[in-house]
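**Student:** Sharing a structure, written as structure tokens. Questions coming.
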Amino acid sequence: MNVNVMNVDYSTKIPNNVNLAEDRQVLKALEGWHPGYIDWWNDMGPDGFQQSLVYLRTAYSVDPRGWAKFDYVKMPDYRWGILLAPQEENRTIPFGENYGQPAWQEVPGEHRATLRRLIVIQGDTEPASVEQQRHLGKTAPSLYDLRNLFQVNVEEGRHLWAMVYLLQKYFGRDGREEADELLRRRSGDADSPRMLGAFNEATPDWLSFFMFTYFTDRDGKMQLHSLAQSGFDPLSRTCRFMLTEEAHHMFVGETGITRVVQRTCDAMREAGIDDPNDVAKVRALGVIDLPTIQKKLNLHYSLSLDLFGSEVSTNAANAFNAGIKGRYRETQIEDDHRLQNDTYPVLKLVNGEIKRVDEPALTALNMRLRDDYTQDCAKGLLRWNKVISTSGYDYKLTLPNVAFHRAIGEFRDVHATPDGLLIDDATWAKRKGEWLPSTSDGDFIASLMTPVTEAGEFAPWISAPKVGIDNKPGDFEYVKIET
Ligand SMILES: [Fe+2]
Ligand SMILES: [Fe+2]
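Residue numbering for the sequence shown is 325 to 807, as defined by the numbering used here.
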């Protein structure tokens with residue numbers, strides 16, 4: 325039987341376009357893993373709403389022109405499946421020492437450990453974010469937002485399946501063990517936390533959720549793009565399809581923040597407030613003041629920068645040389661794709677100053693990806709600032725300096741202001757509340773988080789979206805709540 329890779333086979337328990345029906349061993353391993361996954365979803369997935377009907381998209385094809393179908397689904401019945409982008413004929417490795425050689429359909433022995441580690445790290449982030457967001461359904465500002473949250477959650481669940489498939493198909497027994505471990509670790513758990521820092525932080529409120537989907541899912545996008553270049557073809561194909569889903573997650577973040585900013589500006593205008601920095605006055609209107617939005621942005625951006633690892637990294641160089649992890653849009657870059665003789669400017673701490681230093685391009689690959697990320701992040705800020713200036717306010721949201729609030733890399737041992745001025749510990753301790761959300765900022769935001777469950781209604785701190793999901797009208801009932 326020849327499976328049409330564009331369309332997904334829904335006849336097996338696990339929907340897929342990888343011919344699982346004839347891959348008995350892997351099907352068995354996945355079916356063995358399935359109950360543990362459902363247990364995890366019930367324990368750590370969205371708190372409540374598991375019996376509610378949610379208007380979700382489910383992938384039924386990997387054709388980028390039309391791959392999803394929308395329908396009401398109870399989340400535990402969501403058809404999580406294994407979906408790979410179609411195999412490109414005669415694909416070659418687009419970078420590194422093996423540049424131009426045929427892409428691998430099996431794992432090369434010498435790269436097994438590196439590949440497994442990268443897949444496990446990527447896999448670990450997927451369930452982590454579901455865990456971080458599990459309580460947010462209880463305070464959703466609308467049914468529209470509630471649906472978007474759940475869409476993100478079920479797709480992160482599917483991304484876990486995507487990585488588990490690779491582990492179980494290509495890494496034998498240790499792959500199966502890693503797959504089990506992915507269900508065992510828990511975000512924020514003292515004994516067995518998730519692997520990366522940002523995925524152990526709390527996502528306490530909906531502004532954090534939007535910041536997370538904007539900034540942290542965007543790190544995911546950058547990582548998936550680099551892995552989509554991989555010489556290990558199944559990983560490349562997996563990541564290429566994941567990216568189509570990931571776009572919605574960042575849309576949720578970008579439009580979410582836009583709507584918060586919009587509502588704040590509208591409320592200030594209506595109340596005749598001219599100074600957006602008059603926090604007390606703005607908060608009295610029941611909306612989130614711009615300075616607090618800036619603080620949240622500072623926090624989530626800096627936590628997300630840490631996900632890129634050290635600026636200078638031999639691991640990154642090795643993964644590139646080997647043909648395992650490429651650059652953002654590798655195939656569109658015009659150079660030799662080997663980088664043996666190139667340099668790249670890296671921000672470093674030199675004699676107590678932040679300086680640009682040329683490093684070998686190979687070891688500077690994390691820095692390069694992070695720079696690409698920063699550029700990608702900046703687009704949202706342009707939109708948000710447009711909303712503010714169109715409302716007539718002289719206020720600009722900005723990305724903090726990369727030295728600000730870092731726990732990993734060059735700047736982990738110093739303190740810097742959002743403008744990139746290095747400061748001592750005492751100054752940091754005294755002033756950090758100006759730059760990062762304080763407990764009282766958090767309490768204020770929490771005080772606004774009352775759920776709105778009437779179709780077409782929105783919490784007073786956020787404006788309605790411009791268009792509905794799947795072009796549905798404003799009063800569409802995206803979630804039929806059943807408790
Ligand atoms: Fe994901
Ligand atoms: Fe995501």
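For every residue, glycine included, the Cβ atom is placed at its ideal position computed from N, Cα and C.
Can you pull the DSSP bridge partners for A383?
**Tutor:** If you number the sequence shown from 1, residue 383 lands on position 59. A383 pairs with A392.
**Student:** State buried or exposed for P418, treating a residue as buried only when at least 16 other CB atoms are found within 10 Å of its CB.
**Tutor:** Locating residue 418 in the sequence shown gives position 94, where the first residue counts as 1. With 16 or more other Cβ atoms within 10 Å, it is buried.
**Student:** Can you tell me the Cα-Cα spacing of W785 and P465, whole angstroms?
**Tutor:** As a position in the sequence shown, residue 785 is number 461, starting the count at 1. As a position in the sequence shown, residue 465 is number 141, starting the count at 1. Their backbone Cα atoms lie some 8 Å apart in a straight line.
**Student:** Would you kindly work out how many angstroms separate the C-alpha atoms of D695 and L689, rounded to a whole number?
**Tutor:** Within the sequence shown, the letter at position 371 stands for residue 695. Within the sequence shown, the letter at position 365 stands for residue 689. Spanning the two alpha carbons is a distance of roughly 10 Å.
**Student:** Please determine, among H624, D598, R587 and L627, the residue with the shortest C-alpha to C-alpha distance to I612.
**Tutor:** Counting from 1 along the sequence shown, the entry for residue 612 is found at position 288. The option with the nearest alpha carbon to I612 is R587.
**Student:** Sort L377, P339 and W364 by Cα distance to E801 and report the nearest one.
**Tutor:** The residue you call residue 801 lines up with position 477 of the sequence shown. With distances taken between Cα atoms, E801 lies closest to L377.
**Student:** Can you list, in chain order, the residues of its chain with a C-beta nearer than 6 Å to that of G360? Leave out the 5 residues immediately preceding and following it.
**Tutor:** Walking along the sequence shown from the start, residue 360 turns up at place 36. For G360, where only same-chain residues beyond five positions count, the Cβ hits under 6 Å are L507.
**Student:** Report yes if the C-beta distance between I648 and L442 is below 9 Å; otherwise report no.
**Tutor:** One-based indexing of the sequence shown puts residue 648 at position 324. One-based indexing of the sequence shown puts residue 442 at position 118. Their beta carbons are under 9 Å apart, which means I648 touches L442 by this criterion.
**Student:** Could you tell me whether the stretch 575-585 touches the stretch 755-772, where touching means 3 or more Cβ pairs closer than 8 Å?
**Tutor:** No, the stretch 575-585 is not in contact with the stretch 755-772.
**Student:** Cβ atoms of W530 and T449: under 9 Å apart, would you say?
**Tutor:** Counting from 1 along the sequence shown, the entry for residue 449 is found at position 125. Counting from 1 along the sequence shown, the entry for residue 530 is found at position 206. For T449 and W530, no; Cβs fall outside 9 Å.
**Student:** For my contact list, W391 and Y402 are in at a C-beta cut-off of 8 Å; report their separation, rounded to the angstrom.
**Tutor:** The count along the sequence shown starts at 1 and reaches residue 391 at position 67. The count along the sequence shown starts at 1 and reaches residue 402 at position 78. Contact flag wrong, Cβ pair sits at about 16 Å.
**Student:** Would you call K619 buried or exposed, if buried means 16 or more other Cβ atoms sit within 10 Å of its Cβ?
**Tutor:** To locate residue 619, count along the sequence shown from 1; it is residue 295. Buried, by the Cβ-count rule.
**Student:** Less than 7 Å between C-beta atoms, sequence neighbours within five positions excluded: which residues of the same chain meet that for D794?
**Tutor:** In the sequence shown, residue 794 corresponds to position 470, counting from 1. Same-chain partners within the cutoff: F394.
**Student:** Classify N665 as buried or exposed, calling it buried when 16 or more other Cβ atoms lie within 10 Å of its own Cβ.
**Tutor:** As a working note, residue 665 is residue 341 in the sequence shown. Flag for N665 reads exposed.
**Student:** For the candidate residues S335, A750, M691 and F735, whose alpha-carbon lies nearest to that of E635?
**Tutor:** The count along the sequence shown starts at 1 and reaches residue 635 at position 311. Cα-wise, what sits closest to E635 is M691.
**Student:** Pull up the CB-CB distance for E421 and N645, whole angstroms please, since I reckon it's below 8 Å.
**Tutor:** Working through the sequence shown from its first residue, we reach residue 421 at position 97. Working through the sequence shown from its first residue, we reach residue 645 at position 321. Correct: roughly 5 Å between the Cβ atoms.
**Student:** Which class does F565 belong to by DSSP, given the choice of helix, strand or coil?
**Tutor:** The residue you call residue 565 lines up with position 241 of the sequence shown. Helix, per DSSP.
**Student:** Indicate whether L723 and A740 have their beta-carbon atoms separated by less than 9 Å.
**Tutor:** Here residue 723 is taken as the residue at index 399 of the sequence shown, counted from 1. Here residue 740 is taken as the residue at index 416 of the sequence shown, counted from 1. Contact: no.
**Student:** What residue range does the alpha helix (DSSP H) around D695 cover?
**Tutor:** As a working mapping, residue 695 is identified with position 371 in the sequence shown. Taken as a continuous stretch (DSSP letters only), the alpha helix (DSSP H) holding D695 covers L689 to T714.
**Student:** At the level of alpha carbons, what is the spacing between E778 and M592?
**Tutor:** Mapped onto the sequence shown, residue 778 falls at position 454. Mapped onto the sequence shown, residue 592 falls at position 268. When rounded, the distance between both Cα atoms is 25 Å.
**Student:** Is there at least one non-hydrogen atom of ligand 1 closer than 8 Å to the beta-carbon of T269?
**Tutor:** Since the first residue of the chain shown is 325 and the last is 807, residue 269 is not available in this structure.
**Student:** Does the stretch 621-631 come within contact of the stretch 670-681, defined as at least 3 CB pairs closer than 8 Å?
**Tutor:** Result no; under three Cβ-Cβ pairs closer than 8 Å.
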